[in-house]
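There are 2 protein chains.
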Amino acid sequence: MANIHDVARVAGVSISTVSYALSGKRPIGEKTRRRIDEAVRELDYMPNAAGRMLAGTRTRIFALTAPLRSDTYAPAHMAFVLAVATAARKYDYDVLLLTEDEATDGLHRVSSSRLVDGIIVLDVSLHDERADLVRSLGVPAALIGVPADTEGLVCVDLDFEAAAGLAVDRLVDAGHRSLALLGHPPMVYERGSNFPMRFRDGFLRRAADRGVRASFSMVEKDAPHVRTALAGVLDADPAPTGVVVHADEGVHKAVLEAIAARGLSVPDDLSVIAGVPTFDTSGFTPPLDAIPLIPADSCTRAVELAVQQLDGTVEPRVELVAPKYRDHGSVAAPRPGS
Amino acid sequence: MANIHDVARVAGVSISTVSYALSGKRPIGEKTRRRIDEAVRELDYMPNAAGRMLAGTRTRIFALTAPLRSDTYAPAHMAFVLAVATAARKYDYDVLLLTEDEATDGLHRVSSSRLVDGIIVLDVSLHDERADLVRSLGVPAALIGVPADTEGLVCVDLDFEAAAGLAVDRLVDAGHRSLALLGHPPMVYERGSNFPMRFRDGFLRRAADRGVRASFSMVEKDAPHVRTALAGVLDADPAPTGVVVHADEGVHKAVLEAIAARGLSVPDDLSVIAGVPTFDTSGFTPPLDAIPLIPADSCTRAVELAVQQLDGTVEPRVELVAPKYRDHGSVAAPRPGS
DNA sequence: CTGAAAGCGCTTACAG
DNA sequence: CTGAAAGCGCTTACAG
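Shown next as structure tokens:
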């Protein structure tokens, strides 16, 4: 396999000229550049990664630590992993995958050995040991998700409060005066990430700000529970006319089935918005308005922030990505008199 | 950050002695070793990855190319990715993740730049350009899945024919004389991987060998189709008393529901086996016998074969992993007289 | 059992 | 606009 000396020899220049020509870090004469390009092509030369890593200041590799916990929804998880890898490539970075059982040891290993330039931390829980490790390692890192203690960390996440606010606004603007939030099972609020709480709080706060009634219920995943919970919610007086669902895909479907089973139609009898789904709600029956959690958004920003840290100019921060509303026709004005 | 010279100085030895002490590639005197260990601990020394890669013959990184196609079942995909990463760590290897859009370019890049020692190819389709690329690159590689042309390649996969044979044997041994296979939708057999065909062929061949009747139907994913397809299959004369399902999770559940809806009970009226599920069938109602596709099995073997290629001793081959039967009580003798 | 030294393939001041 | 050379941090023959 050809190395930089081969290219230099064939092109009749020095290796430093070859290096500069390839990196573009200094201007190269027209003819020289052409001869080098030709030699590179002729020899099918590609710079050796190890040589580059050792001489340069960058490895051009990020570690990605992505635990797969039992409560992880695999399709979303996969989407985040791919979004990070895709974003990294835009900056000429590769992604080294660290698994759950290697979480802390692996981070230690790849950063101490300088295998990676930085770390992207996925699926951050409230008390995540990886957050503490990243802090103590002092290595460039970006977390996707917000831990309890964000001191000294760079975090990126969807603005779940604003997302909930957006849902409330949409419903209130359409004329609804009584809203309900169907949330995850209690277990989800007790441990794990904090975004379900942030969504709930954003919902209740915005409803209060707008002066409308709002209820919040936690719903177990199985269809019978969903039916019962929905019945309880809709039998309230005054009955909510706008419902926001923040739960997993199955619960969304079960909610829609339960609504249909009650003889109600969306959006004529009831307006429904999907909270922050990681799945597509436009194919549901009926299609559901949504404020989706878009992996590419947070992941791209996280990678960007990691890259910027290498140039040494990023203050610790929590950056919240603005939510976007996707209209699929599941919100309408409430029935007159309801 | 400390380097090998620091360790050598603190320990009062040469850097080569430090290197050998850490690699264990030559015997080191008792006291010397202790002094080195102490220096390493004191300085929190960890060898620099780039230095190691450049001087040594290994990068200790494998590339993992894992496309996420539209017909990919994310949980299974994720499980394979994690199984590769976990297996790699056992050999002190890290895994670099290559995404779909980088499939061939990425493979070219990481192997030409010698960033990786080898490649693990996941989710191999019948005519997979990555297979051709791996062949032409001549880089150590192990494919998980079997492409149409395996010339010069090292492939690992579950023995789907044997898996189907196992299912047939189990049913025939229990006394069944008429079997049915409910397979994937036609689209799956037309393109993509070849394992559905291998399972189907294994099923039909073993049934013929054992001298029992066997039918094969392709089933669309939606519940109504599943009901119709099941009805068609069970109304045959003589009606099958043993059914093997090779489809995705939703279809399995729909099949069980359709069976229950017909007033039939498993295994008393009908014996049912899940083909090669990537999901857990022991929590189904009723729990289903299965011959599962176990990611760790093929992935561990693939990593092993990739590692062995670095020592230069692996002939091209297709290695099929033996299937295992998991009994959950969904197979019984057919009703007398049926 | 241990050390001095070459060399892996680059990048980047330094010099012209 | 270009080159000679040092140096990144290791591994590994070579030598004793």
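Chains as they are written, first to last, in the UniProt record's numbering: chain Y, 1 to 338; chain V, 1 to 338. No residue lacks a Cβ here, since even glycine has one placed at the ideal position from N, Cα and C. The structure displayed is predicted, hence computed values, not measured ones.
Item to check | Where the alpha helix (DSSP H) containing Glu257 (chain V) begins and where it ends | outcome: Under the DSSP assignment, Glu257 (chain V) falls in the alpha helix (DSSP H) whose first and last residues are 249-261.
Item to check | Near-chain Y residues of the UniProt domain "HTH lacI-type" (2-56) of chain V (beta-carbon distance less than 7 Å), N- to C-terminal order | outcome: Met46, Pro47, Asn48, Ala49, Ala50, Gly51, Met53, Leu54
Checklist entry - Between the region 130-141 of chain Y and chain V, which residues of the former have CB atoms less than 9 Å from a CB of the latter, in chain order? => result none
Checklist entry - Rounded C-beta distance between Leu107 (chain V) and Leu98 (chain V)? I'm assuming under 8 Å. => result 7 Å
Checklist entry - At a CB-CB cut-off below 8 Å, which residues of chain V make contact with Val95 (chain Y)? => result Leu96, Leu97
Checklist entry - Shorter than 9 Å from the beta carbon of Ser298 (chain Y) to some beta carbon of chain V? => result Contacts with chain V at 9 Å (Cβ-Cβ) do not include Ser298 (chain Y).
Checklist entry - Can you tell me whether DSSP reads Leu96 (chain Y) as helix, strand or coil? => result In the three-state DSSP reduction, Leu96 (chain Y) falls in the strand class (E or B).
Next on the checklist: So His77 (chain Y) contacts chain V; which residues on that side make the cut at Cβ distance below 7 Å?
Outcome noted: Met78, listed in chain order.
Item to check | Coarse secondary structure for Ser217 (chain V), derived from DSSP in three states | outcome: strand
Item to check | Within chain Y, partners of Leu264 (chain V) - CB distance below 7 Å | outcome: Going along chain Y, no residue has its Cβ under 7 Å from Leu264 (chain V), so there is no contact; the nearest lies around 22 Å.
Item to check | Cβ neighbours of Tyr93 (chain Y) in the same chain (closer than 6 Å, five flanking residues each side left out) | outcome: Arg60, Phe62
Item to check | Pro140 (chain V) beta carbon less than 9 Å from that of Ser125 (chain V) | outcome: no
Checklist entry - How big is the Cα-Cα spacing for Ala87 (chain V) and Leu122 (chain V)? => result 14 Å
Checklist entry - So which of V:Glu30, V:Thr72, V:Arg41 has the shortest CA-CA distance to Gly192 (chain V)? => result For the residues V:Glu30, V:Thr72, V:Arg41, the minimum Cα distance to Gly192 (chain V) belongs to V:Thr72.
Checklist entry - Should Gly145 (chain Y) go down as buried or exposed, given a rule of 16 or more other Cβ atoms within 10 Å for buried? => result buried
Item to check | Ile61 (chain V) at chain Y interface by Cβ criterion, 9 Å | outcome: yes
Item to check | Under 7 Å by beta carbon: chain V residues contacting Arg89 (chain Y) | outcome: Glu102
Checklist entry - Can you tell me the Cα-Cα spacing of Gly312 (chain Y) and Thr17 (chain Y), whole angstroms? => result 28 Å
Checklist entry - Under the rule that 16 or more other beta-carbon atoms within 10 Å means buried, what is Asn271 (chain V), buried or exposed? => result Note that residue 271 (chain V) is Ser in the sequence shown here, rather than Asn. With 16 or more other Cβ atoms within 10 Å, it is buried.
Next on the checklist: Any beta carbon from chain Y within less than 9 Å of Leu68 (chain V)'s own beta carbon?
Outcome noted: yes
Next on the checklist: For Val81 (chain V), would you say it is in contact with chain Y, using Cβ-to-Cβ distances shorter than 9 Å as the test?
Outcome noted: It does; some Cβ of chain Y falls within 9 Å.
Item to check | Residues of the region 113-127 of chain V with Cβ closer than 9 Å to any Cβ of chain Y, in chain order | outcome: Ser113, Arg114, Leu115, Val116
Next on the checklist: Measuring only from the beta carbon, is Ile273 (chain Y) closer than 8 Å to any heavy atom that is part of the ligand NAP?
Outcome noted: Ligands are entirely absent from the displayed structure, and the ligand NAP is therefore not among its contents.
Checklist entry - How would you label Arg69 (chain V), buried or exposed, when you count the other beta carbons within 10 angstroms and need 16 or more for buried? => result exposed
Next on the checklist: Classify Pro47 (chain V): buried if its beta carbon has 16 or more other beta carbons within 10 angstroms, exposed otherwise.
Outcome noted: buried
Next on the checklist: So if DSSP puts Ala85 (chain Y) in a beta bridge, which residue, or which two residues, is it bridged to?
Outcome noted: Answer is none; Ala85 (chain Y) lacks a bridge partner.
Next on the checklist: Does Thr300 (chain V) pass the burial test, meaning 16 or more other C-beta atoms within 10 Å, or should it be called exposed?
Outcome noted: buried
Item to check | Cβ neighbours of Val226 (chain Y) in the same chain (closer than 7 Å, five flanking residues each side left out) | outcome: Val219, Val251, Ala254, Val255, Ala258
Next on the checklist: Classify Thr285 (chain Y): buried if its beta carbon has 16 or more other beta carbons within 10 angstroms, exposed otherwise.
Outcome noted: So Thr285 (chain Y) ends up on the exposed side.
Item to check | Beta-bridge pairing of Thr65 (chain Y) - partner residues as DSSP gives them | outcome: For Thr65 (chain Y), which the question treats as bridged, DSSP gives the partners Y:Leu98, Y:Val121.
Next on the checklist: To be precise: take each residue of the region 308-331 of chain Y, compare its Cβ to all Cβ atoms of chain V, and keep it if any distance is under 7 Å. Which residues remain?
Outcome noted: none
Checklist entry - Can you name the residues of chain V whose CB is closer than 8 Å to the CB of Thr278 (chain Y)? => result By Cβ distance, chain V contributes nothing, its closest Cβ being about 11 Å from Thr278 (chain Y), past 8 Å.
Checklist entry - What distance in whole Å lies between the Cβ atoms of Thr281 (chain Y) and residue 345 (chain Y), which are believed to be in contact at a cut-off of 8 Å? => result No information on residue 345 (chain Y) is available, as it lies outside the stretch 1 to 338 that chain Y covers here.
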